[in-house]
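K.L.:
Take a look at the following structure, please.
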Amino acid sequence: MSVGIRYDWTEAEIQKIYDMPLLELIYQAASVHRQYHDPKKIQVCKLISIKTGGCPEDCSYCAQSSRYKTEVKPQALLDKDTVVNIAQTAKQKGVSRVCMGAAWREVRDNAQFETVLEMVKDVTDMGLEVCCTLGMLTVDQAKRLEAAGLYAYNHNLDTSEDYYSTIITTRTYSDRLNTIEIVRQTNVTVCSGGILGLGETTADRVSMLCTLANLNPHPESVPINILSQVAGTPLANQPDVPIWDVVRMIATARIVMPTSDVRLSAGRARLSQVEQAFCFMAGANSIFSSDDNKMLTVTTPCPDYDADLEMLNLLGLEMRPRAQRPNQVASPAAVG
Ligand code: SAM
Ligand code: DTB
Ligand code: SF4
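First residue of the sequence shown? That's 1 in my numbering, and the numbers climb one at a time after it.
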């Protein structure tokens with residue numbers, strides 16, 4: 001299937017892709033993947049929760065919302081040195097992208113933001129792609145992150161516009177889209193995806209993909225998370241997402257956003273190597289790996305560097321080095 005890069009998808013078209021016979025869908029997605037990417041390369045990323053818990057938002061899936069009693073203990077902003085050390089170990093293990101997450105509703109102009117800017121600068125100077133996920137932000141804050149070297153900003157749509165208010169009431173879908181729009185006013189790339197397993201319908205999944213695929217340009221990075229059911233949250237008792245739903249979602253994302261990185265994100269720890277191999281075949285080209293067995297918090301396990309290296313070797317896959325920045329314009333300092 002050679003669909004080219006389009007920004008005028010309809011939900012009906014995407015639904016038709018999602019509903020294709022499974023092996024045909026995987027084959028089509030694998031073909032698109034090979035047109036735009038080196039299928040041997042997987043980007044390994046490391047998450048660092050720079051500020052954990054105590055978040056005022058009410059995202060029903062989240063271990064870090066202060067509304068729910070979960071096993072996560074709130075923690076103040078980490079020191080810059082701690083973050084740089086974690087990034088250094090990650091780099092030695094082949095990681096090429098570090099994502100710093102803060103359990104904030106939005107960025108504030110305070111000393112903590114200054115520290116985050118220094119973290120971004122130092123980790124970028126180590127030769128790593130740095131992604132931040134800090135909640136909502138202003139154009140001025142986005143520009144300061146850009147000046148510090150930020151490579152990507154993560155801000156997920158999570159689900160469809162229709163289903164959003166069932167999951168989160170403290171902000172709206174248009175708040176989310178607006179933040180993405182703000183990031184687009186800089187050279188920082190956009191990372192935006194969603195979660196499977198919130199009780200959404202297939203139509204909700206398709207609708208979310210349609211919103212993402214009609215952003216022009218597409219988000220350079222699209223994380224697909226599988227809900228990790230966190231005790232104490234309203235979604236604690238959701239059933240596990242079937243693996244074939246995960247594969248269909250990855251394959252459909254790959255076909256409608258051919259050049260984007262599709263990241264197999266939260267929930268990978270419960271997948272077998274065979275299941276993960278299907279995800280890679282369907283077009284996933286990135287994973288999160290760790291040395292502390294967690295994604296952001298203890299509630300969501302993450303496979304470790306050594307186990308992942310073994311899996312990649314077994315599957316004949318390689319770790320991708322950091323990207324050269326797309327469309328990078330020379331900064332005034334560099335020019336002259
Ligand atoms: N506070 C920031 C925000 O909401 O944009 C960033 C951090 S938040 C943890 C980043 C993303 O992680 C969420 O949008 C969601 O997609 C994913 N996530 C959070 N908790 C999860 C869970 N229990 N299972 C799967 N994905 C989860
Ligand atoms: C994303 O979409 N998934 C990552 C990253 N972006 C920040 C986070 C997954 C969080 C899993 C929940 C936890 O660790 O508590
Ligand atoms: Fe806060 Fe982000 Fe968790 Fe929502 S997903 S409660 S905004 S940390």
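A virtual CB, placed ideally from N, CA and C, is assigned to each residue, including glycine.
As the structure is a prediction and not an experimental result, all values here were calculated from the model.
Note down, in chain order, each residue of its chain lying with its Cβ closer than 7 Å to the Cβ of Cys59, except the 5 sequence neighbours on either side.
P.N.:
Result list for Cys59: Ser65, Ile167, Ile168, in chain order.
K.L.:
Buried or exposed for Thr179, going by 16 or more other Cβ atoms inside 10 Å?
P.N.:
Result: buried.
K.L.:
Does DSSP put Glu275 in a helix, a strand or coil?
P.N.:
Here Glu275 sits in helix by DSSP.
K.L.:
Rounded to whole angstroms, what's the CA-CA distance from Ala334 to Ser165? Just pull it up for me.
P.N.:
Confidence at Ala334 is low in this model, with a pLDDT of 36, below 50, so its placement is unreliable and the value that follows should be read with caution. Cα-Cα distance, rounded: 46 Å.
K.L.:
According to the neighbour-count rule (16 or more other Cβ atoms, all chains shown, within 10 Å of its Cβ), is Lys69 buried or exposed?
P.N.:
So Lys69 counts as exposed.
K.L.:
Classify Arg320 as helix, strand or coil using the three-state DSSP reduction.
P.N.:
Looking at Arg320 - three-state DSSP - the assignment turns out to be coil, as it is neither helix nor strand.
K.L.:
Just the residues with CB closer than 5 Å to a heavy atom of ligand 3, in chain order, which are they?
P.N.:
For ligand 3, the selected residues are Cys55, Glu57, Cys59, Cys62, Gln64, Ser65, Ala103.
K.L.:
Taking buried to mean at least 16 other C-beta atoms within 10 Å of its own C-beta, is Pro56 buried or exposed?
P.N.:
Pro56 comes out exposed.
K.L.:
Can you look up Met126 in the DSSP assignment and give me helix, strand or coil?
P.N.:
It is coil, neither helix nor strand.
K.L.:
Between the C-alpha atoms of Phe310 and Cys279, what's the straight-line distance to the nearest angstrom?
P.N.:
Inspection of the sequence shows that residue 310 is occupied by Glu rather than by Phe. Looking at the two C-alpha atoms, the distance is approximately 17 Å.
K.L.:
Taking Cβ positions, are Met319 and Ile5 nearer each other than 8 Å?
P.N.:
No; because the gap between Cβ atoms is not below 8 Å, this pair is not in contact.
K.L.:
By Cβ distance, which residues of its chain are closer than 8 Å to Thr233, with the 5 residues on each side in sequence left out?
P.N.:
Here the set comprises Ser60, Tyr61, Cys62, Ala63, Ser65, Tyr68, Thr70.
K.L.:
Let me check you understand the geometry: is the CB of Lys51 closer than 7 Å to at least one non-hydrogen atom of ligand 2?
P.N.:
No, the Cβ of Lys51 stays beyond 7 Å of every heavy atom of ligand 2.
K.L.:
Going along the chain, which residues of its own chain have a beta-carbon closer than 6 Å to the beta-carbon of Val206, five neighbours each way excluded?
P.N.:
Closer than 6 Å at the Cβ level, and outside the excluded window around Val206, lie Glu11, Ile14, Gln15, Tyr18.
K.L.:
To the nearest whole angstrom, what separates the beta carbons of Val107 and Gln141, a pair I think is in contact under 8 Å?
P.N.:
Between Gln141 and Val107 the Cβ distance is about 5 Å, and since that is below 8 Å, they are a contact.
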